[in-house]
Amino acid sequence: MLDALVVGAGPTGLTMASELARHGLSCRVVEQLTAPSPLSRALAVQARTLEIFEDLGIVEQALALGREALGFNVLGKGGVRARVSLRGFTWLETRYPFILMLPQDATEALLTEHLGSFGSKVERGVALEGFEQGADGVVATLKHEDGRTERVSARWLLGCDGARSRVRKGLGLPFEGSTYEDSCVLADVRVEWSLGEGELCIIPSAHGVVGAFPMPGEQRYRLFFIRPHEDAADAADDMASLTLEEIQALVDEMVPVPARVSEPRWMSRYRLHSRGVERYRQGRVFLAGDAAHIHSPVGGQGMNTGIQDAYNLAWKLALVTRGRAPESLLDTYELERHPVGRHLLRGTDRAFSLMARGGLGARLFRAHVVPRVATRLFGSAAAQRRVSRFVSQLTIRYRESPLSTESLWGEDVGGVSRRRGPAPGERVPEMPIRGEGVERLHQVLRGPEHTLLLFTGLKFEASRRGELVALAGRLEQRYEPWLKARVVVAGEGSPAARVLADEDGAVHRRFGAGAEGFYLVRPDGYVGHREWPLETTRLEAELARRLGR
Numbered sequence: 048m049l050d051a052l053v054v055g056a057g058p059t060g061l062t063m064a065s066e067l068a069r070h071g072l073s074c075r076v077v078e079q080l081t082a083p084s085p086l087s088r089a090l091a092v093q094a095r096t097l098e099i100f101e102d103l104g105i106v107e108q109a110l111a112l113g114r115e116a117l118g119f120n121v122l123g124k125g126g127v128r129a130r131v132s133l134r135g136f137t138w139l140e141t142r143y144p145f146i147l148m149l150p151q152d153a154t155e156a157l158l159t160e161h162l163g164s165f166g167s168k169v170e171r172g173v174a175l176e177g178f179e180q181g182a183d184g185v186v187a188t189l190k191h192e193d194g195r196t197e198r199v200s201a202r203w204l205l206g207c208d209g210a211r212s213r214v215r216k217g218l219g220l221p222f223e224g225s226t227y228e229d230s231c232v233l234a235d236v237r238v239e240w241s242l243g244e245g246e247l248c249i250i251p252s253a254h255g256v257v258g259a260f261p262m263p264g265e266q267r268y269r270l271f272f273i274r275p276h277e278d279a280a281d282a283a284d285d286m287a288s289l290t291l292e293e294i295q296a297l298v299d300e301m302v303p304v305p306a307r308v309s310e311p312r313w314m315s316r317y318r319l320h321s322r323g324v325e326r327y328r329q330g331r332v333f334l335a336g337d338a339a340h341i342h343s344p345v346g347g348q349g350m351n352t353g354i355q356d357a358y359n360l361a362w363k364l365a366l367v368t369r370g371r372a373p374e375s376l377l378d379t380y381e382l383e384r385h386p387v388g389r390h391l392l393r394g395t396d397r398a399f400s401l402m403a404r405g406g407l408g409a410r411l412f413r414a415h416v417v418p419r420v421a422t423r424l425f426g427s428a429a430a431q432r433r434v435s436r437f438v439s440q441l442t443i444r445y446r447e448s449p450l451s452t453e454s455l456w457g458e459d460v461g462g463v464s465r466r467r468g469p470a471p472g473e474r475v476p477e478m479p480i481r482g483e484g485v486e487r488l489h490q491v492l493r494g495p496e497h498t499l500l501l502f503t504g505l506k507f508e509a510s511r512r513g514e515l516v517a518l519a520g521r522l523e524q525r526y527e528p529w530l531k532a533r534v535v536v537a538g539e540g541s542p543a544a545r546v547l548a549d550e551d552g553a554v555h556r557r558f559g560a561g562a563e564g565f566y567l568v569r570p571d572g573y574v575g576h577r578e579w580p581l582e583t584t585r586l587e588a589e590l591a592r593r594l595g596r
């Protein structure tokens, strides 16, 4: 029996399959399409996804293939614009404080190659016909391109098969929401205009909104045109093909500076939806990505959210399948990711409604008010922080999850507040630190294990350092391969085995570690548990609770 069957080989399914393989589970991934799609589709890769790509070992290839967005503009009548640089957002505490523009076909190619490094491949031309659940697994019926059918047994079935998900339909789960009436057109084209290259542009007008997103290549852009449905009442139906002349006419009507389009690679009409499921898990079947939630492209969140769904679930499946954790651990996938999907649907729905609403008032608001407000809004550092944190997905947190726990007792020490450190359920920030072969904290976290960070505190007895290093070694040996343990030593100049040198104490202060304590970090980079002071018996009990005895 397989450990897992993944249905769908888009970014979500490929991340799911490769993560399951990295965690040591046997897995097959099937895809109905006989060949990868050559279309660019999803374009924006956000900071949190780039951190995941670093963990997977593919971030450098992604950066080489993609293009960093240098700025964000709101362009008004007469070419007046509000601009925000998209570089230097140091408050994000990440190595990747930017948006990478990388077409989805390139992202899928990278993830497919990564999957191949585990000896796995996508089985194309294979469709899910149906499935049945039992007490110990799922039996799925697959239909191959040549008409042959196959029955496959797997412990878990992962539905990563997009908006028309057969897995979701097989579960009988409603895909609740609506379809927008507005007319939507996209085109990947060369654009010649005076706005420069490499910058995102939002252009509100009386006729709707244009979005221009830079792509790899000279003067290449993805153009989105969203118009109120009454403006497009005389347009061709959604299935009709587009011509470059139609795209140029839309540009002439809606872009307030001279612009010429040419060299089209992809042009399409489409309808946008805002839909989601109420359940991400039913028995031994799970939904992730577009199979669970679809929404407008506002903010470039969709593909990133699906990748993070998979990243959240895979390590939990590994622990349960290998008998290290109870099956109830899997309930935390829905508890943690469903609120993220729901918040995303609400946010993108509000933004889309504002951009595409018809009526005289909405048209005047877009054409005359939005550009003026944007100038003031994006001039505010506080507003820039809010927008960048939302778009980057770095502030997603699971504070209400049963996996997010802490025990803080006693007094703060050394003028450092323990509660100012990253709380349980929050992402671990990136920081410089020196260890064997590492210079940054996220390099320490790389890999499929939990990471235990034992802090010495800002002042400690020299003998205690050795005791903590010995403790780290014993715990690693006991829980191999599920745990790695490192001692963060304040004032240390040179790293050593299992030692991270925090020479100036900055990491201790950021984590609220004035005194001796510990953080237990989940494989997906979020804080699972923190505790002060450090008591070995309590630490061992916490590890046993999470990783088995």
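Here the numbering used here is used: the first residue of the sequence shown is 48, the next is one more, and so on. From the three backbone atoms N, C-alpha and C, an ideal C-beta is built for every residue, glycine too.
The DSSP-derived three-state label of residue 522 is helix. In the structure shown, the three-state DSSP call for residue 510 is helix. In the three-state scheme derived from DSSP, where H, G and I count as helix and E and B as strand, residue 168 is classed as coil. Per DSSP, the beta-bridge partners of residue 200 are 186.
Ranked by Cα distance from residue 201, the first of 210, 315, 182 and 498 is 182.
Between residue 185 and residue 54, the alpha-carbon positions lie close to 13 Å from each other.
Straight-line spacing of the CA atoms in residue 522 and residue 196 works out to 48 Å. In the DSSP assignment, residue 574 falls outside any alpha helix (DSSP H) and lies within the beta strand (DSSP E) extending over 574-579. Residue 56 carries a coil assignment under DSSP once its states are collapsed to helix, strand and coil. In the pairwise beta carbon analysis, the segment 96-112 is classified as not touching the segment 448-458: fewer than three pairs are separated by under 8 Å.
In the DSSP secondary-structure assignment, residue 250 is bridged to 257. For residue 504, the CB contacts under 8 Å within the same chain, skipping 5 residues up- and downstream, are 460, 461, 537, 555, 560, 561, 562, 563 and 564 in chain order. When Cβ pairs closer than 8 Å are counted between the two stretches, the segment 145-160 is seen to touch the segment 86-97, the count reaching three or more. For residue 217, the closest C-alpha among the options 206, 226 and 357 is that of 206. Restricting attention to 480, 387 and 49, the CA atom closest to the CA of residue 198 is found in 49. Residue pairing by DSSP places residue 179 opposite 186 in a beta bridge.
Its chain contains 206 and 338 as the residues whose beta carbon lies nearer than 6 Å to that of residue 212, once the 5 sequence neighbours on both sides are disregarded; these appear in chain order. Non-local beta-carbon contacts of residue 548 in its own chain, meaning distances under 8 Å to residues more than five positions away in sequence, involve 480, 481, 482, 536, 539, 540, 541 and 542 in chain order. For residue 368, the uninterrupted alpha helix (DSSP H) segment begins and ends at 349-368. Under the three-state reduction of DSSP output, residue 150 falls in the coil class, being neither helix nor strand. Shown here, residue 137 sits in a helix according to DSSP, grouped into three states. Contact between residue 576 and residue 529 is ruled out by a C-beta separation of about 15 Å, above the 8 Å threshold.
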